[in-house]
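Residue numbers (my numbering): 6 to 335. Ideal Cβ placement from N, Cα and C applies to all residues, glycine included. The structure presented is a predicted model; accordingly, all values stated were derived computationally and were not measured.
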């Protein structure tokens with residue numbers, strides 16, 4: 006669901022429709038407030054928000070502000086090697102402090118041949134936009150990258166809705182916690198994809214479909230004539246970035262939820278309805294979690310709280326609840 010945000014490393018198809026379909030069918034959603042923002046996406050007019058790997062900072066890349074100053078020392082003793090969420094927040098703070106729209110990733114102290122061999126795709130992409138990673142300061146800023154939350158499943162891909170199985174980024178299996186580690190998505194896709202298929206095959210003989218089963222009351226039924234899909238998407242993405250983004254607070258979240266509620270009153274297409282519903286789920290969960298943890302940061306509640314060491318659970322037609330366990334079978 007990375008496309009919920011105005012700035013994202015995700016492809017155009019990552020609109021979260023699978024999450025919305027499961028939600029409207031009655032499946033539980035978990036941990037929707039936890040969104041990972043990648044700190045260094047290429048920030049260039051007319052260029053896609055291409056991800057400049059954190060491995061570049063691992064190899065010695067330095068983050069500099071608009072005045073050319075190295076700034077991470079102001080925010081964390083680990084400098085550029087701090088976790089993604091801390092680097093992202095630090096970049097936002099520095100851009101606000103300096104009144105600029107980007108910072109810069111400086112790789113110029115490293116050998117050009119090494120960089121081109123180590124980062125061939127990044128080198129190729131940057132060259133296409135007139136940048137040499139060995140010679141130029143690379144303009145970067147954070148962008149939404151990964152959703153830790155999603156359709157709640159057990160460790161075999163079973164959702165809380167009998168007969169519905171899910172795997173991949175659409176799910177919340179619990180393996181990411183509140184702040185995904187790089188490459189855990191491979192685990193979520195490959196391992197849980199195989200396990201979900203195995204569970205579905207095993208369970209299929211025990212499942213039956215009731216005739217005439219009705220969807221939950223109020224489930225949206227879009228039609229081809231419903232309008233404003235493009236306009237709705239742009240509006241939601243802007244609100245999500247400005248009010249439900251890297252830095253959150255109660256007032257901004259409440260304003261976002263009110264705006265999403267207003268948008269939802271229109272005659273929306275199914276795609277737009279899915280989009281604004283997911284945005285509302287993220288904002289509502291973020292408002293409920295009055296602490297900061299992992300990919301969720303509240304400026305009005307900057308510390309972790311033991312009382313919130315649990316999962317947020319959202320179900321169609323119900324209020325947000327919580328669970329200490331992710332396995333719906335336990």
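Going along the chain, which residues of its own chain have a beta-carbon closer than 8 Å to the beta-carbon of residue 153, five neighbours each way excluded?
-> Against the chain shown, residue 153 aligns to sequence position 148. Once the five neighbours on either side are set aside, the close Cβ partners of residue 153 are 36, 39, 40, 41, 177, 181, 182, 183, 184, 185, 299, 300.
Cα-Cα separation, residue 229 to residue 244 | By 1-based counting over the chain shown, the position of residue 229 is 224. By 1-based counting over the chain shown, the position of residue 244 is 239. Residue confidence is low: residue 229 scores 49 on pLDDT, short of 50, so the model does not pin down where it sits. No coordinate-derived value is stated.
Alpha-carbon to alpha-carbon, residue 290 and residue 326 | Residue mapping note: residue 326 aligns to position 321 of the chain shown, counting from 1. Residue mapping note: residue 290 aligns to position 285 of the chain shown, counting from 1. Roughly 10 Å between the two C-alpha positions.
Among all the DSSP beta bridges, which residues are the ones paired with residue 34?
-> Translated into positions along the chain shown, residue 34 becomes position 29. Bridge partners of residue 34: 156, 319.
Taking 8 Å as the cut-off, decide whether the C-beta atoms of residue 204 and residue 162 are in contact.
-> Residue 204 sits at position 199 when you count from the first residue of the chain shown. Residue 162 sits at position 157 when you count from the first residue of the chain shown. Yes, the Cβ-Cβ distance between residue 204 and residue 162 is below 8 Å.
Ends of the beta strand (DSSP E) at residue 43?
-> As a first step, residue 43 is located in the chain shown; it is residue number 38 there, counting from the start. Where residue 43 is concerned, the enclosing beta strand (DSSP E) stretches over 40-47.
Three or more C-beta pairs closer than 8 Å, one from the region 62-81 and one from the region 107-127: is that the case here?
-> yes
In or out: residue 213 buried (at least 16 other Cβ within 10 Å) or exposed?
-> As a working note, residue 213 is residue 208 in the chain shown. Counting Cβ neighbours within 10 Å, residue 213 comes out exposed, since fewer than 16 surround it.
Are there three or more Cβ pairs, one per stretch, closer than 8 Å when the region 85-101 is compared with the region 250-265?
-> yes
Extent of the continuous beta strand (DSSP E) to which residue 141 belongs = Position 136 of the chain shown, counting from 1, holds the residue named residue 141. Note, residue 141: premise wrong, no beta strand (DSSP E); not H, not E.
Is residue 80 helix, strand or coil by DSSP?
-> Translated into positions along the chain shown, residue 80 becomes position 75. Three-state DSSP puts residue 80 in coil, outside helix and strand.
So, is residue 191 buried or exposed, given that buried needs 16 or more other C-beta atoms within 10 angstroms?
-> Numbered from its first residue, the chain shown carries residue 191 at position 186. Exposed: under 16 other Cβ atoms inside 10 Å.
What is the DSSP secondary structure of residue 13, reduced to helix, strand or coil?
-> If you number the chain shown from 1, residue 13 lands on position 8. Three-state result, residue 13: strand.
Straight-line gap, residue 80 to residue 275 (C-alpha atoms, nearest Å) = Numbered from its first residue, the chain shown carries residue 80 at position 75. Numbered from its first residue, the chain shown carries residue 275 at position 270. Answer to the nearest angstrom: the Cα atoms are 43 Å apart.
Of the choices 78, 329, 319, whose alpha-carbon is the least far from that of residue 311?
-> Working through the chain shown from its first residue, we reach residue 311 at position 306. It is 329.
In whole angstroms, what separates the C-alpha of residue 33 from that of residue 6?
-> Along the chain shown, one-based indexing puts residue 33 at 28. Along the chain shown, one-based indexing puts residue 6 at 1. Near 16 Å, if we compare the C-alpha coordinates of residue 6 and residue 33.
Quick one: Cα of residue 120 to Cα of residue 136, how far?
-> Here residue 120 is taken as the residue at index 115 of the chain shown, counted from 1. Here residue 136 is taken as the residue at index 131 of the chain shown, counted from 1. Residue 120 and residue 136: Cα-Cα distance of roughly 13 Å.
Given a cut-off of 8 Å, decide if residue 15 and residue 149 are closer than it, judged by their beta-carbon atoms.
-> As a first step, residue 149 must be located in the chain shown, where it is residue number 144. As a first step, residue 15 must be located in the chain shown, where it is residue number 10. Cβ atoms of residue 149 and residue 15: closer than 8 Å.
Nearest-angstrom Cα separation, counted from residue 126 out to residue 360 | Nothing about residue 360 can be reported from this structure: the residues present for the chain run from 6 to 335 only.
Alpha carbon of residue 335 to alpha carbon of residue 17, nearest angstrom | Along the chain shown, one-based indexing puts residue 335 at 330. Along the chain shown, one-based indexing puts residue 17 at 12. Only weak support is given to the placement of residue 335: the predicted model assigns it a pLDDT of 36, under 50, and the value that follows is read from those uncertain coordinates. Approximately 37 Å, taken between the alpha carbons.
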